[in-house]
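Protein chains: 2
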Amino acid sequence: MFSLLSEENHARRGRYLTPHGAVETPVFMNVCTQAAIKGGLGADDLERIGTQVALANTYHLHVRPGDRLIRDMGGLHRFMTWNGPILTDSGGFQVFSLAELRKIREEGVAFPSHIDGAKIFMGPEESMRIQSNLGSDIAMAFDECVRIPSPYDYVRRSCERTTRWLIRCKAALEAYNTESDAINPGQVLWGINQGAVFHDLRIAHMQEIAALDLPGYAIGGLAVGETHQEMYDTIEAVEEYMPKDRPRYLMGVGTPSNLIECVARGVDFFDCVMPSRNGRHGHLFTWEGVINLNNRKYERDPDPIDPLCGCPVCSRYGKSYIRHLLKAQEPLALRLMVMHNLFFFNSLMTRIRDALDAHCFEAFRAEFSEKLSRRI
Amino acid sequence: MFSLLSEENHARRGRYLTPHGAVETPVFMNVCTQAAIKGGLGADDLERIGTQVALANTYHLHVRPGDRLIRDMGGLHRFMTWNGPILTDSGGFQVFSLAELRKIREEGVAFPSHIDGAKIFMGPEESMRIQSNLGSDIAMAFDECVRIPSPYDYVRRSCERTTRWLIRCKAALEAYNTESDAINPGQVLWGINQGAVFHDLRIAHMQEIAALDLPGYAIGGLAVGETHQEMYDTIEAVEEYMPKDRPRYLMGVGTPSNLIECVARGVDFFDCVMPSRNGRHGHLFTWEGVINLNNRKYERDPDPIDPLCGCPVCSRYGKSYIRHLLKAQEPLALRLMVMHNLFFFNSLMTRIRDALDAHCFEAFRAEFSEKLSRRI
Chain Z
61 MFSLLSEENH
71 ARRGRYLTPH
81 GAVETPVFMN
91 VCTQAAIKGG
101 LGADDLERIG
111 TQVALANTYH
121 LHVRPGDRLI
131 RDMGGLHRFM
141 TWNGPILTDS
151 GGFQVFSLAE
161 LRKIREEGVA
171 FPSHIDGAKI
181 FMGPEESMRI
191 QSNLGSDIAM
201 AFDECVRIPS
211 PYDYVRRSCE
221 RTTRWLIRCK
231 AALEAYNTES
241 DAINPGQVLW
251 GINQGAVFHD
261 LRIAHMQEIA
271 ALDLPGYAIG
281 GLAVGETHQE
291 MYDTIEAVEE
301 YMPKDRPRYL
311 MGVGTPSNLI
321 ECVARGVDFF
331 DCVMPSRNGR
341 HGHLFTWEGV
351 INLNNRKYER
361 DPDPIDPLCG
371 CPVCSRYGKS
381 YIRHLLKAQE
391 PLALRLMVMH
401 NLFFFNSLMT
411 RIRDALDAHC
421 FEAFRAEFSE
431 KLSRRI
Chain R
61 MFSLLSEENH
71 ARRGRYLTPH
81 GAVETPVFMN
91 VCTQAAIKGG
101 LGADDLERIG
111 TQVALANTYH
121 LHVRPGDRLI
131 RDMGGLHRFM
141 TWNGPILTDS
151 GGFQVFSLAE
161 LRKIREEGVA
171 FPSHIDGAKI
181 FMGPEESMRI
191 QSNLGSDIAM
201 AFDECVRIPS
211 PYDYVRRSCE
221 RTTRWLIRCK
231 AALEAYNTES
241 DAINPGQVLW
251 GINQGAVFHD
261 LRIAHMQEIA
271 ALDLPGYAIG
281 GLAVGETHQE
291 MYDTIEAVEE
301 YMPKDRPRYL
311 MGVGTPSNLI
321 ECVARGVDFF
331 DCVMPSRNGR
341 HGHLFTWEGV
351 INLNNRKYER
361 DPDPIDPLCG
371 CPVCSRYGKS
381 YIRHLLKAQE
391 PLALRLMVMH
401 NLFFFNSLMT
411 RIRDALDAHC
421 FEAFRAEFSE
431 KLSRRI
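Respectively, the protein sequence lines represent chains Z and R.
Taking this note's numbering, I'd label the letters of the first sequence as residues 61 to 436.
Taking this note's numbering, I'd label the letters of the second sequence as residues 61 to 436.
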């Protein structure tokens with residue numbers, strides 16, 4: 061399902077087929093945690109900002125409105141009216157980041173709901189059941205996302221369990237896909253590599269999960285507190301052990317510079333809440349660097365956020381107006397700022413793909429990698 | 061500037077010309093308090109929901125971001141990128157509803173800002189200066205909106221002062237319009253009738269202000285606590301004293317039934333925050349009546365809010381999804397619900413105009429007046 065179209069050093073230009081269409085890679089997936097982008101963007105907006113893949117959150121949708129309800133409504137695509145590819149995370153990250161009182165056993169994890177404290181149990185089969193009910197195109201394996209730093213022995217044992225969980229995920233999803241009323245029988249499972257920043261554990265774990273011959277592999281457990289250099293080093297260490305003919309997804313990353321630097325290290329898929337979250341605070345990306353719209357100097361600035369940007373916001377609205385909305389706490393401010401930032405990230409990936417197609421990615425990297433994350 | 065196209069009993073079909081285009085009446089103006097519709101709708105959305113006139117708030121824009129700033133940005137039309145007609149209220153209503161500690165003198169009113177408590181003084185000249193800076197097409201007179209109930213003698217003296225203030229408003233705006241750098245030299249002033257629910261005071265005040273030969277007249281100070289019947293009776297009492305060849309604007313009204321009933325009583329312009337405010341709480345208008353999207357029965361309802369509605373929301377999204385967004389406190393819920401409600405109100409006015417054009421308004425009224433405000 062993945063075609064490697066061209067390479068430039070480690071960077072890859074590819075295409076990945078899903079039951080809801082093709083994805084041109086490298087790609088930045090747009091995060092729709094609760095089946096909508098925070099800031100007031102709907103599926104009609106996703107089409108306008110160049111979204112290729114919507115990413116939705118298994119844990120959040122399980123607790124509200126419930127995956128059974130979404131299944132009854134015909135699955136997540138119909139529920140949110142997005143007919144393009146959808147990837148769902150496994151819930152693992154939320155289990156380990158939101159729940160302080162979790163209990164990890166071989167079967168899975170017991171923890172209280174962050175909404176009402178109700179007891180929830182989630183293991184590989186439960187996560188696959190939920191994702192099957194949601195009917196996403198790409199389901200992610202249920203894994204433990206270990207903290208950095210964690211002791212070597214703990215990480216080693218956690219990786220071993222994550223492998224055992226992955227084998228159970230694979231069996232469960234294969235079974236759910238054969239059910240006559242499966243929402244999306246073409247749903248596939250991607251494995252997740254763990255191992256914190258211990259290169260030998262990362263490599264050993266990657267080799268184990270690669271042997272399962274899954275259609276895609278993610279690098280999980282990074283961007284959780286380590287330095288950028290540690291993250292880059294870890295990716296470089298594990299990348300050569302990732303199957304070349306499968307897409308690679310770096311979970312939860314990152315800044316424009318991170319994206320460029322990780323494309324250069326062989327990554328194909330990305331996701332991050334940063335453009336929407338930072339956007340809601342007035343931190344806006346431009347082709348000259350990052351601006352803070354709260355700054356007084358934009359009070360009477362009628363120009364668009366980025367004169368080089370072709371997004372629906374920059375085509376119409378000026379900084380002075382959007383800054384007023386931000387200061388007046390008008391919800392429209394959030395919508396416009398998030399819309400711009402996501403369009404910027406999607407456009408950045410388009411330009412990265414164009415550069416790869418033209419075999420000049422290294423020149424693009426040299427021009428933009430440092431510049432785009434600079435505060436101006 | 062106002063053409064009376066046809067009449068059916070007291071109901072009127074008309075057209076009003078402004079420097080930013082014609083307004084087909086009867087019309088419901090869409091409230092953009094702080095230069096945006098609360099709920100995350102921008103000027104691009106106004107175009108999609110059939111808005112004819114945007115109504116912005118003089119007091120709110122004076123305190124934030126400041127009318128001088130908006131003037132420097134080229135006026136409100138350019139600031140918010142809305143090129144259709146704009147009406148600004150005078151600030152009077154906010155002065156009398158937000159400020160507990162106001163001091164009314166002949167010159168005007170001194171009161172503390174609701175943002176930071178800073179002292180503000182606003183009288184006829186100040187209100188006209190602000191509205192001239194904003195550059196709206198229709199400026200409203202600075203008046204006192206008296207509470208209901210208030211003593212007869214207080215209302216009488218207040219009406220006399222409001223007339224004196226109106227004369228000053230007229231002189232001030234005429235002067236500002238001749239300034240070489242006036243934002244919108246074609247800006248006009250509409251007078252506001254007051255008098256609480258005392259019919260003789262209403263009539264006397266209306267006769268006084270009609271003598272000033274202004275291009276439009278509003279009925280203010282209603283929908284502030286009196287019953288619907290008292291409101292209708294007051295409109296009926298004063299209507300015959302309003303110039304037939306000028307548009308009549310009933311301020312701050314109302315429900316769909318109120319709109320139909322007041323069109324039947326000769327009103328041409330309306331505005332109200334109700335469709336957007338109720339929308340944000342899940343109270344949604346349909347051609348069968350009002351639904352409460354919080355109700356459990358909509359949990360698995362995939363149908364649009366109103367199958368008969370052609371709005372951008374009903375064309376795409378189902379009740380189950382929007383209800384989930386509402387429960388999950390996703391800003392998208394507010395946007396979709398407000399968008400639907402405002403589209404509904406704008407469509408209602410279109411159908412009222414169509415009925416007037418076809419000389420069957422009374423049949424339309426009989427079919428819908430009670431039905432549309434019914435909770436179902």
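The beta carbon of each residue, even a glycine, is placed where N, CA and C say it ideally should be.
* Thr148 (chain R) classed as buried or exposed, judged by whether at least 16 other C-beta atoms fall within 10 angstroms -> buried
* **Cβ-based contacts, 8 Å cut-off: residues of the region 88-100 of chain Z near chain R** => Gln94, Ala95, Ala96, Ile97, Lys98, Gly99, Gly100
* **Contact set between Asp149 (chain R) and chain Z, taken where Cβ atoms lie within less than 7 Å** => Under the 7 Å cutoff, chain Z gives no residues; its nearest Cβ is about 17 Å from Asp149 (chain R).
* Please list, in chain order, all residues of the same chain as Gly99 (chain R) whose beta carbon is under 8 Å from its beta carbon, the five residues on each side excluded. => Ser336, Gly339, Arg340, Leu394, Arg395, Met397, Val398, Met399
* Taking only beta-carbon positions, decide if Asp366 (chain R) is within less than 7 Å of chain Z. => no
* Asked: Is it true that the CB of Ile320 (chain Z) sits closer than 7 Å to the CB of Ser196 (chain Z)?
  -> no
* Asked: Helix, strand or coil: how does DSSP classify Arg435 (chain R) here?
  -> strand
* Take the Cβ of Asn69 (chain Z) as the centre, count every other Cβ of all protein chains shown within 10 Å, and call the residue buried at 16 or more, exposed below. => exposed
* Asked: By the criterion of Cβ-Cβ separation under 8 Å, what are the contact partners of Glu359 (chain R) in chain Z?
  -> Pro125, Leu129
* Measure the Cβ-Cβ separation of Arg435 (chain R) and Val350 (chain R) and say whether it is below 7 Å. => yes
* Measure the beta-carbon distance from Gly183 (chain R) to Glu167 (chain R) and round it to whole angstroms, keeping in mind my assumption that it falls under 8 Å. => 5 Å
* Roughly how many angstroms lie between the CA atoms of Leu261 (chain R) and Met133 (chain Z), to the nearest whole one? -> 59 Å
* **Beta-carbon contacts of Thr93 (chain Z) that lie in its chain and below 6 Å, excluding the five residues immediately before and after** => Asn117, His120
* Asked: Using 7 Å as the limit for Cβ to Cβ distance, is Ser380 (chain Z) near chain R?
  -> yes
* To do: Put Trp250 (chain R) into one of helix, strand or coil per three-state DSSP.
  => strand
* If you run the structure through DSSP and keep just helix, strand and coil, what is Ala270 (chain R)? -> helix
* Asked: Name the residues in the region 139-168 of chain R whose C-beta lies less than 7 Å from a C-beta of chain Z; which are they?
  -> Phe139, Met140, Thr141
* Spell out whether any CB of chain R is found under 7 Å from the CB atom of Gly251 (chain Z). => no
* Distance, Thr78 (chain Z) Cα to Arg124 (chain R) Cα -> 49 Å
* Assigned exposure category for Phe181 (chain R) - 16 Cβ within 10 Å defines buried -> exposed
* Asked: What residues of chain Z sit near Met133 (chain R), judged by a beta carbon separation below 8 Å?
  -> Arg360, Pro362, Gly378, Ser380, Tyr381
* Which of the three DSSP states, helix, strand or coil, is assigned to Val373 (chain R)? -> coil
* **Secondary structure of His419 (chain Z), DSSP reduced to three states** => coil
* Just how far apart, CA to CA, sit Phe62 (chain R) and Lys230 (chain R)? -> 19 Å
* Provide the residue span of the beta strand (DSSP E) that contains Val35 (chain R), from first to last. => Chain R is shown only over 61 to 436; residue 35 (chain R) falls outside these bounds and no answer can be derived.
* Asked: Counting pairs of Cβ atoms below 8 Å between the region 287-303 of chain R and the region 246-260 of chain R, do you hit three or more?
  -> yes
* To do: Check distances from the C-beta atoms of the region 171-202 of chain R to those of chain Z and list, in chain order, the residues that come in under 8 Å.
  => none
* Which of helix, strand or coil DSSP assigns to Asn481 (chain Z) -> There is simply no residue 481 (chain Z) to check, as chain Z begins at 61 and stops at 436 in what is shown.
* Asked: With a Cβ-Cβ cutoff of 7 Å, do Gly255 (chain Z) and Ala283 (chain Z) count as a contact?
  -> no
* **Span of the alpha helix (DSSP H), counted from its first residue to its last, around Glu299 (chain R)** => 288-299
* To do: List the whole-angstrom C-beta distance separating Leu402 (chain R) from Asn90 (chain R), where the pair is believed to meet the contact cut-off of C-beta under 8 Å.
  => 6 Å
* Asked: Taking buried to mean at least 16 other C-beta atoms within 10 Å of its own C-beta, is Pro391 (chain Z) buried or exposed?
  -> buried
* Asked: Roughly how many angstroms separate the alpha carbons of Phe330 (chain R) and Gly280 (chain R), rounded to a whole number?
  -> 11 Å
* Ordered along the chain, which non-local residues of its own chain (more than five positions away) have a Cβ less than 6 Å from that of Asp361 (chain Z)? -> Lys379, Ser380
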